[in-house]
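Peer 1:
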Amino acid sequence: MITLERLQPGHADALLAFERENRRYFARFVSDRGDAYFTDFAARHRALLAEQDAGVCHFHVVVDERGALLGRVNLVDVADGSAELGYRIGECAAGRGVATAAVREVCRLAAGTYGLHRLTAVTTHDNVASMTVLARNGFVPVGETTVAGRPGVAHRLDLAATGPAET
285 MITLERLQPG HADALLAFER ENRRYFARFV SDRGDAYFTD FAARHRALLA EQDAGVCHFH
345 VVVDERGALL GRVNLVDVAD GSAELGYRIG ECAAGRGVAT AAVREVCRLA AGTYGLHRLT
405 AVTTHDNVAS MTVLARNGFV PVGETTVAGR PGVAHRLDLA ATGPAET
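Mapping of the sequence shown onto the working numbering: position 148 corresponds to residue 432, and the numbering continues sequentially without gaps.
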């Protein structure tokens, strides 16, 4: 069982530890954030909270029943009822349905709480797990794209028309 918690100032230490623990794992699928991300983490965290307060993004941490941080799932570039979905789940939780459940929950929040009607997401061709998570939640491929210089696929979910899929 997982829960999404809206990003708060008190999440900073756990989030930094999570990002450090999983840095090499994430770099297998997406571009590395670089050393400056970790050095300047406190300022970056405050900036994310400011973006969230401004309503242009909705950031969440994924926690288990014990309160351990397993991942993050975010809606960014919120405008005109749409947003881009991004997520990362730690290596210790990979393959256990955590990403599928977290994406399902953020889609529910997007449609209900945040009043969004469309989500987009991108993934590289070689990230089969991420494509599977998106498909299980009703996202459909809509075209080719480039993700950090690598070939990928853009996906879309029209929340008003279908809502997230149940699995």
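For glycine and all other residues, C-beta sits at the position ideal for the given N, C-alpha and C. Everything numeric in this text was worked out from a predicted model, so none of it was measured.
1. Helix, strand or coil for residue 442? Go by DSSP, reduced to three states.
2. In terms of residues, what are the limits of the alpha helix (DSSP H) holding residue 398?
3. Excluding the 5 residues flanking residue 313 on each side, which residues of the same chain have their C-beta closer than 6 Å to its C-beta?
4. Note down the Cα distance separating residue 328 from residue 427, rounded to an integer number of angstroms.
5. Measuring alpha carbon to alpha carbon, tell me which of 359, 285, 374 ends up nearest residue 402.
6. Can you tell me whether residue 450 is buried or exposed? The criterion is at least 16 other CB atoms within 10 Å of its CB, across all chains shown.
7. If you run the structure through DSSP and keep just helix, strand and coil, what is residue 379?
8. Could you give the first and the last residue of the continuous beta strand (DSSP E) run that contains residue 343?
9. Spatial neighbours of residue 434 within its chain, please: CB distance less than 6 Å, with the 5 preceding and 5 following residues excluded, ordered by chain position.
10. Which residue or residues does DSSP assign as beta-bridge partners of residue 374?
11. By Cβ distance below 8 Å, which residues in the same chain neighbour residue 285 in space, the five residues on each side in sequence not counted?
12. Output the boundary residues of the alpha helix (DSSP H) element that contains residue 297.
13. Compare the Cα-Cα distances from residue 341 to each of 414, 399, 417 and report the closest residue.
14. Using 8 Å as the threshold, is the segment 412 to 425 in touch with the segment 384 to 391, meaning 3 or more CB pairs across them?
Peer 2: A quick look at the data gives this:
1. strand
2. That residue, residue 398, is in no alpha helix (DSSP H); it is neither H nor E in DSSP.
3. 411
4. 32 Å
5. 359
6. Confidence is the limiting factor: at residue 450 the pLDDT is only 46, short of 50, which leaves the residue's position unreliable and the question unanswerable from this model.
7. coil
8. 342 to 348
9. 408
10. According to DSSP, which records beta bridges pairwise, residue 374 is partnered with nothing at all.
11. 348, 349
12. Element bounds for residue 297: 296 to 305.
13. 399
14. yes
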